[in-house]
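A.B. asks: Take a look at the following structure, please.
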Amino acid sequence: MPLEFEIAPDRKIGGNHPCFIIAEIGQNHQGDMKIAKDLIKVAKDAGADCAKFQKSELSYKFNKSALARPYTSKNSWGKTYGEHKEFLEFSHDQYKELQDYANQIGIYFTASGMDEKAVDFLHDLGVPFFKVGSGDTNNLPYIAKTAEKGRPMVVSSGMQSMDTMKKVYKILKDKGADFCFLQCTSAYPLNPEDVHLRVIEAYQKEFPDIPIGYSGHESGTTITLGAIALGAKVVERHITMDKTWKGSDHEASLEPDELKDLVTQIRTLEKALGGTFKEMRACELPTFNKIKRHMKWIGEEFGAARDIPSGAEISADMLAVKVAEPKGIAPETISSLLGMRATRAIDFDDSIREGDVV
Ligand SMILES: CC(=O)N[C@H](C=O)[C@@H](O)[C@H](O)[C@H](O)COP(=O)(O)O
Ligand SMILES: C=C(OP(=O)(O)O)C(=O)O
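Residue numbers are given in full-length UniProt numbering: position 46 of the sequence shown equals residue 46, and the series is strictly consecutive.
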């Protein structure tokens, strides 16, 4: 049984707990607090568990030349990558305001700390758990320091190999962290053939004592539902007000109605996954009573409609399986009746019931 743990106050993940659904606002707020709050509300109204952002302390995440690099993409909000990222970055005070808003409307609030300094800030802010974005997963000193803060961790794995994930697993286990891994492919939007949902199963095999989840960048909801069917206990999807907006992630995001649909579909699918024990279910009884086949015999050996006398030895050609009133012996036991003897005279087309043959 995969490990369960409390990812946020009064909310466990893993085992049979409902999948924890993270609505990733990321940088889809366009640098605008109103849009950011509206997206938190969208997450809440759709029934997602958590609204998430991305926090960087830019001079700790990037070196000078990375910040000075020209960023000429149609998704750029500045001449350089540094200016672009600065435009999309909220201040500490703004984070506090967003957190207060999330608390007020009743949804968990967190962010990916995209460098050690940002993790320090989020720790002080008191987020329930840390998200580690794929770009930071092979930063092993960062992984160790983040684990030392003592909060649960959700670690994504885009661009990483199984070998790297084993290293991350070992560090986090050694630190005694509660954590889960998310299968992820870091492309926006993500083509179905690049998703590799079966990595969820490979992770569960390799890391049997942690919950496994999925962070998706594909279009639509189908693939994420597949992740749930394969056992994902945490799911993260980007959300947006409008997929056509300027920005690298909008196209791979879910609009409000899609998020709502996804949450509803996940909750339905979770119910439908049920248990692994196979038996007839209570809801099947009416059908069973109506059509399940029960054994009857017909006296073909003796001629149709001829009575079988008491004491006759039962052979296969005396038996037929039909929908019977009253119900007879269950047909899956047919071979065990052969060679038995009738304890009473049974008319053609009568049911054979317990005690009629011994
Ligand atoms: C790997 C990773 O961090 N991915 C994040 C999460 O999915 C993304 O949101 C990036 O921050 C985003 O795509 C970057 O876009 P730009 O470079 O235009 O700011
Ligand atoms: C990059 C992030 O996530 P993922 O790698 O799961 O897309 C993130 O959380 O900032």
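C-beta: ideal position from N, C-alpha, C; glycine also.
1) Give me, in chain order, the residues of the same chain whose beta-carbon lies closer than 7 Å to that of N191; leave out the 5 immediate sequence neighbours on both sides.
2) With a threshold of 7 Å (Cβ to nearest heavy atom), would S65 be considered close to ligand 1?
3) Which term fits A304, buried or exposed, when burial requires 16 or more other beta carbons within 10 angstroms of its beta carbon?
4) Helix, strand or coil: how does DSSP classify Q27 here?
5) Helix, strand or coil: which one does DSSP assign to K278?
6) Can the beta-carbon of V263 be found closer than 8 Å to that of A48?
7) Hey, how far is the Cα of I107 from the Cα of I171?
8) Return yes when at least one heavy atom of ligand 4 lies under 7 Å from the C-beta of C184, else no.
9) Could you tell me whether any non-hydrogen atom of ligand 1 is closer than 7 Å to the CB of S59?
10) Would you say the beta carbon of Q54 comes nearer than 7 Å to a heavy atom of ligand 2?
11) What first and last residue would you give for the beta strand (DSSP E) that runs through I7?
12) In the DSSP assignment, what are the bridge partners of E313?
13) Kindly provide the ranges of any alpha helix (DSSP H) runs that are 4 or more residues long and lie completely inside the segment 139-224, ordered along the chain.
14) With hydrogens ignored, establish whether the beta-carbon of G158 is closer than 7 Å to any heavy atom of ligand 1.
15) Quick one: Cα of G247 to Cα of G275, how far?
16) Could you tell me the distance, in whole angstroms, from the CA atom of S310 to the CA atom of V357?
17) Between A46, E236, A232, which lies nearest to S134 when the distance is taken from Cα to Cα?
C.D. replies: So, to answer that:
1) Excluding sequence neighbours, N191 sits near nothing in its chain.
2) Outside the cutoff, so no.
3) Caution applies to A304, whose pLDDT of 46 falls short of 50 and renders its modelled position unreliable; the model cannot decide the point.
4) Per DSSP, reduced to three states, the secondary structure at Q27 is coil, with no helix or strand assignment.
5) K278 sits in coil when the DSSP states are folded into three classes, being neither helix nor strand.
6) A contact, by the Cβ cut-off of 8 Å.
7) Roughly 30 Å separates the two Cα atoms.
8) Looking for ligand 4 in the displayed structure turns up nothing; the ligands present are ligand 1 and ligand 2.
9) Taking 7 Å as the cut-off, one finds no heavy atom of ligand 1 near enough to the beta carbon of S59.
10) At a cut-off of 7 Å, the beta-carbon of Q54 counts as near ligand 2: some heavy atom of the ligand is closer than that.
11) From DSSP, the beta strand (DSSP E) with I7 extends over 5-8.
12) R341.
13) Runs of the alpha helix (DSSP H) lying entirely within the segment 139-224 and spanning at least 4 residues, in chain order: 140-148, 162-174, 199-206.
14) Correct: G158 has its Cβ closer than 7 Å to ligand 1.
15) Distance between the alpha carbons of G247 and G275: 42 Å.
16) Looking at the two C-alpha atoms, the distance is approximately 9 Å.
17) When each option's Cα is compared against that of S134, the closest is E236.
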